[in-house]
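Per the working numbering, the sequence shown starts with residue 2, numbered consecutively. C-beta: ideal position from N, C-alpha, C; glycine also. Bear in mind that the values here come from a model prediction, so they are computed numbers and not experimental data. In what follows, a single structure is set out as C-alpha coordinates and then discussed.
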Amino acid sequence: MQDLLLIILGFLLGLIPGWWARRSRLKVHWGALLAEITICSEKAKTYLEDSVMAPLYRLPAKAYEASLPVLLSEAALKVGDVRALLLYYGQIEDFNRGLDNAAALAMENNTGILKTEYKRNCIKAEQLVAPIDGGNNLFVEARGSIQCHLE
2 MQDLLLIILG FLLGLIPGWW ARRSRLKVHW GALLAEITIC SEKAKTYLED SVMAPLYRLP
62 AKAYEASLPV LLSEAALKVG DVRALLLYYG QIEDFNRGLD NAAALAMENN TGILKTEYKR
122 NCIKAEQLVA PIDGGNNLFV EARGSIQCHL E
(Lines of atoms letter the chains of each structure in order from A and count residues from 1; the text may use other names and numbers.)
(Lines give C-alpha, C1' and ligand atoms only; values in the text may rest on other atoms or scores of the structure.)
Protein backbone atom coordinates (compact mmCIF):
# COMPACT_ATOMS: atom_id res chain seq x y z
CA MET A 1 0.00 0.00 0.00
CA GLN A 2 2.80 2.38 0.91
CA ASP A 3 4.53 1.63 -2.42
CA LEU A 4 1.36 2.54 -4.32
CA LEU A 5 1.13 5.88 -2.49
CA LEU A 6 4.77 6.64 -3.32
CA ILE A 7 4.18 5.80 -6.98
CA ILE A 8 1.13 8.10 -7.09
CA LEU A 9 3.04 10.85 -5.30
CA GLY A 10 5.95 10.49 -7.74
CA PHE A 11 3.57 10.63 -10.69
CA LEU A 12 1.90 13.79 -9.36
CA LEU A 13 5.24 15.46 -8.68
CA GLY A 14 6.22 14.71 -12.28
CA LEU A 15 3.26 16.76 -13.51
CA ILE A 16 4.29 19.94 -11.68
CA PRO A 17 7.06 21.14 -14.08
CA GLY A 18 4.75 20.95 -17.12
CA TRP A 19 1.93 22.67 -15.27
CA TRP A 20 4.28 25.40 -14.05
CA ALA A 21 5.75 25.99 -17.53
CA ARG A 22 2.25 26.25 -19.07
CA ARG A 23 1.12 28.64 -16.35
CA SER A 24 4.20 30.85 -16.87
CA ARG A 25 3.81 30.84 -20.66
CA LEU A 26 0.15 31.86 -20.44
CA LYS A 27 0.95 34.67 -17.98
CA VAL A 28 3.45 36.09 -20.48
CA HIS A 29 0.74 36.16 -23.17
CA TRP A 30 -1.78 37.80 -20.83
CA GLY A 31 0.85 40.35 -19.77
CA ALA A 32 1.68 41.18 -23.37
CA LEU A 33 -2.00 41.76 -24.13
CA LEU A 34 -2.37 44.01 -21.09
CA ALA A 35 0.65 46.09 -22.12
CA GLU A 36 -0.64 46.37 -25.68
CA ILE A 37 -4.17 47.46 -24.81
CA THR A 38 -2.75 50.04 -22.40
CA ILE A 39 -0.59 51.47 -25.20
CA CYS A 40 -3.59 51.48 -27.54
CA SER A 41 -5.74 53.33 -25.02
CA GLU A 42 -3.01 55.93 -24.45
CA LYS A 43 -2.59 56.49 -28.19
CA ALA A 44 -6.36 56.80 -28.66
CA LYS A 45 -6.39 59.47 -25.92
CA THR A 46 -3.49 61.23 -27.64
CA TYR A 47 -5.44 61.22 -30.90
CA LEU A 48 -8.40 62.87 -29.19
CA GLU A 49 -6.27 65.46 -27.40
CA ASP A 50 -3.83 66.43 -30.19
CA SER A 51 -6.34 67.02 -33.00
CA VAL A 52 -3.93 65.69 -35.63
CA MET A 53 -6.21 64.41 -38.37
CA ALA A 54 -3.78 62.00 -40.02
CA PRO A 55 -1.05 60.98 -37.55
CA LEU A 56 1.75 58.64 -38.57
CA TYR A 57 1.18 56.14 -35.75
CA ARG A 58 -1.21 53.21 -35.71
CA LEU A 59 -2.48 51.26 -32.74
CA PRO A 60 -0.49 48.05 -32.28
CA ALA A 61 -2.06 44.58 -32.47
CA LYS A 62 1.06 42.36 -32.59
CA ALA A 63 0.57 40.83 -29.14
CA TYR A 64 -3.05 40.10 -29.98
CA GLU A 65 -2.05 38.40 -33.24
CA ALA A 66 0.54 36.27 -31.43
CA SER A 67 -1.22 35.60 -28.14
CA LEU A 68 -4.85 35.01 -29.02
CA PRO A 69 -4.16 31.80 -31.00
CA VAL A 70 -2.04 30.44 -28.13
CA LEU A 71 -4.63 31.29 -25.50
CA LEU A 72 -7.39 29.76 -27.61
CA SER A 73 -5.42 26.57 -28.25
CA GLU A 74 -4.65 26.25 -24.54
CA ALA A 75 -8.35 26.75 -23.68
CA ALA A 76 -7.28 29.64 -21.43
CA LEU A 77 -10.16 31.94 -22.45
CA LYS A 78 -13.72 32.15 -21.26
CA VAL A 79 -16.50 33.29 -23.59
CA GLY A 80 -16.55 36.74 -21.96
CA ASP A 81 -12.78 37.07 -22.46
CA VAL A 82 -13.05 36.26 -26.15
CA ARG A 83 -15.90 38.71 -26.60
CA ALA A 84 -14.09 41.55 -24.80
CA LEU A 85 -10.87 41.03 -26.76
CA LEU A 86 -12.60 40.68 -30.12
CA LEU A 87 -14.63 43.85 -29.55
CA TYR A 88 -11.57 45.82 -28.42
CA TYR A 89 -9.28 44.68 -31.19
CA GLY A 90 -12.03 44.96 -33.78
CA GLN A 91 -12.30 48.62 -32.83
CA ILE A 92 -8.52 48.96 -33.14
CA GLU A 93 -8.68 47.54 -36.67
CA ASP A 94 -11.49 49.97 -37.56
CA PHE A 95 -9.56 52.90 -36.08
CA ASN A 96 -6.34 51.97 -37.91
CA ARG A 97 -8.27 51.62 -41.17
CA GLY A 98 -9.71 55.10 -40.55
CA LEU A 99 -6.21 56.47 -39.97
CA ASP A 100 -5.09 54.91 -43.26
CA ASN A 101 -8.05 56.58 -44.99
CA ALA A 102 -7.19 59.90 -43.36
CA ALA A 103 -3.55 59.61 -44.48
CA ALA A 104 -4.63 58.95 -48.07
CA LEU A 105 -7.00 61.94 -47.97
CA ALA A 106 -4.27 64.15 -46.52
CA MET A 107 -1.95 63.14 -49.37
CA GLU A 108 -4.66 64.18 -51.83
CA ASN A 109 -5.20 67.49 -49.97
CA ASN A 110 -8.89 66.62 -49.72
CA THR A 111 -9.59 68.57 -46.51
CA GLY A 112 -13.39 68.41 -46.70
CA ILE A 113 -13.56 64.63 -46.66
CA LEU A 114 -10.53 64.50 -44.33
CA LYS A 115 -12.49 66.44 -41.69
CA THR A 116 -15.36 63.97 -42.01
CA GLU A 117 -12.95 61.04 -41.64
CA TYR A 118 -11.36 62.74 -38.63
CA LYS A 119 -14.76 63.00 -36.92
CA ARG A 120 -15.38 59.31 -37.60
CA ASN A 121 -11.97 58.44 -36.19
CA CYS A 122 -12.66 60.49 -33.07
CA ILE A 123 -15.81 58.45 -32.47
CA LYS A 124 -13.79 55.24 -32.85
CA ALA A 125 -11.10 56.54 -30.48
CA GLU A 126 -13.68 57.59 -27.91
CA GLN A 127 -15.12 54.08 -27.91
CA LEU A 128 -11.66 52.81 -26.94
CA VAL A 129 -11.33 55.19 -23.97
CA ALA A 130 -14.75 56.60 -22.98
CA PRO A 131 -17.70 54.84 -21.34
CA ILE A 132 -20.31 53.37 -23.67
CA ASP A 133 -24.00 53.82 -22.79
CA GLY A 134 -23.17 54.80 -19.22
CA GLY A 135 -21.22 51.57 -18.66
CA ASN A 136 -17.66 50.51 -19.18
CA ASN A 137 -15.64 51.22 -22.28
CA LEU A 138 -14.00 48.65 -24.50
CA PHE A 139 -10.65 49.16 -22.74
CA VAL A 140 -12.10 48.55 -19.28
CA GLU A 141 -13.86 45.40 -20.49
CA ALA A 142 -10.72 44.02 -22.16
CA ARG A 143 -8.48 44.97 -19.22
CA GLY A 144 -10.84 43.26 -16.78
CA SER A 145 -10.81 40.08 -18.83
CA ILE A 146 -7.03 40.09 -18.94
CA GLN A 147 -6.30 41.06 -15.34
CA CYS A 148 -8.34 38.25 -13.85
CA HIS A 149 -5.84 35.85 -15.47
CA LEU A 150 -2.81 37.70 -14.08
CA GLU A 151 -3.84 37.57 -10.43
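- Secondary structure of K79 (DSSP, three-state): coil.
- DSSP places E127 inside the alpha helix (DSSP H), whose first and last residues are T112 to V130.
- Secondary structure note for E152: it is in no alpha helix (DSSP H), with a DSSP letter that is neither H nor E.
- Judged by beta-carbon spacing, Y48 lies within the 8 Å limit of P56, meaning their Cβ atoms are closer than that value.
- Between I124 and the set W31, V29 and A45, the nearest pair of CA atoms involves A45.
- Around the beta carbon of C41, 16 or more other beta carbons lie within 10 angstroms, which makes this residue buried.
- When the beta-carbon positions are compared, N102 and E118 come within less than 8 Å of each other.
- Only buried fits Q128, as 16 or more other CB atoms lie within 10 angstroms of its CB.
- Apart from sequence neighbours up to five positions away, the residues of its chain that approach L88 with a beta-carbon distance below 6 Å are L139, ordered along the chain.
- Fewer than three Cβ pairs drawn from the stretch 107–116 and the stretch 141–151 lie within less than 8 Å of each other, which leaves the two stretches out of contact.
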